[in-house]
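*Asks:* Here it is, the structure, as structure tokens.
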Amino acid sequence: QKEVEQNSGPLSVPEGAIASLNCTYSDRGSQSFFWYRQYSGKSPELIMFIYSNGDKEDGRFTAQLNKASQYVSLLIRDSQPSDSATYLCAVEESGATNKLIFGTGTLLAVQP
Amino acid sequence: DVKVTQSSRYLVKRTGEKVFLECVQDMDHENMFWYRQDPGLGLRLIYFSYDVKMKEKGDIPEGYSVSREKKERFSLILESASTNQTSMYLCASSYPRLDRGRDTEAFFGQGTRLTVV
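First to last, the protein sequences are chains Y and P. Numbering of the first sequence is given in my numbering, commencing with residue 1468 and proceeding in unit increments. Numbering of the second sequence is given in my numbering, commencing with residue 252 and proceeding in unit increments.
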């Protein structure tokens, strides 16, 4: 069974700090990685995707990928209370067309 | 904007009923998916479809079936609802992966919270 692992949290950070969310995956052939944000009672929405090793930045968000270590992370700079949500890591299964395997999510709480 | 619409936001059904959950997308996406989301278990794939009349089992297909007669519509069917199918059901759609540069992320509907009593 291919797996995506995340710490369930809650991860509590003060407003203005950097929040670091981590994810490991078991499918060594995976090529595409996604971070979704899900507010309570809402559906997931895409934050970032990353395909290549290294960092990818988009505003306050940075995704980091290390395929050798099978590790992907999301950094949120200058965290705001509005960032409080569950963050889902999703990995595209190798050999399949867009079949995503989701982690259970990390609950982030940004304290004002 | 991509729009994925699920027919009901909340649904209450009785054990043994046949239940239909409908999903419609307006972006001409080839791929469509049905997930269920439960606390502590995350999103689990029930069924997915790459094209009209095509379907593939996901990780937890037991007790479910699907129908895709038109490209924009993907239906999830609970043949005989049971209490362990009480859950949040999420439909998603996406373009197929043709090349690394294409945006292939999945877009989700608003979810249907199904309660089976």
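Built from N, CA and C at the ideal position, the CB exists for glycine as well.
1. Beta-carbon within less than 7 Å of residue 1570/Y's beta-carbon, same chain only, minus the 5 sequence neighbours each way: which residues are those?
2. Listing by chain order, which chain Y residues have their CB less than 7 Å from the CB of residue 356/P?
3. Which bits of chain Y does residue 325/P rub up against, with CB to CB less than 9 Å?
4. Closer than 8 Å by beta-carbon distance: list the chain Y residues that pair up with residue 360/P, in chain order.
5. What's the gap between the Cα of residue 283/P and the Cα of residue 1517/Y?
6. Between residue 1483/Y and residue 268/P, what straight-line distance do the alpha-carbon atoms span, to the nearest angstrom?
7. Terminal residues of the continuous beta strand (DSSP E) containing residue 343/P?
8. Along chain Y, in chain order, which residues have C-beta atoms closer than 8 Å to that of residue 338/P?
9. Taking only runs that begin and end inside the segment 298 to 324 of chain P, name each unbroken beta strand (DSSP E) of 3 or more residues, in chain order.
*Replies:* Checking against the coordinates, here is how it stands:
1. Indexing the first sequence from 1 puts residue 1570/Y at position 103. Same-chain partners within the cutoff: 1471, 1472, 1473, 1490, 1555 and 1556.
2. Position 105 of the second sequence holds residue 356/P. What residue 356/P touches in chain Y: 1501, 1513 and 1516.
3. Locating residue 325/P in the second sequence gives position 74, where the first residue counts as 1. Here the premise fails: no neighbours, minimum Cβ distance about 14 Å.
4. Position 109 of the second sequence, counting from 1, holds the residue named residue 360/P. What residue 360/P touches in chain Y: 1510.
5. Taking the first residue of the second sequence as 1, we reach residue 283/P at position 32. Taking the first residue of the first sequence as 1, we reach residue 1517/Y at position 50. Taking the straight line from one Cα to the other gives about 21 Å.
6. Here residue 1483/Y refers to the residue found at position 16 of the first sequence. Here residue 268/P refers to the residue found at position 17 of the second sequence. Their backbone Cα atoms lie some 50 Å apart in a straight line.
7. What you label residue 343/P is simply residue 92 of the second sequence in a count that begins at 1. Start and end: 338 to 345.
8. Along the second sequence, one-based indexing puts residue 338/P at 87. Per Cβ cutoff of 8 Å: no residues; residue 338/P is ~14 Å from chain Y at best.
9. 315 to 321
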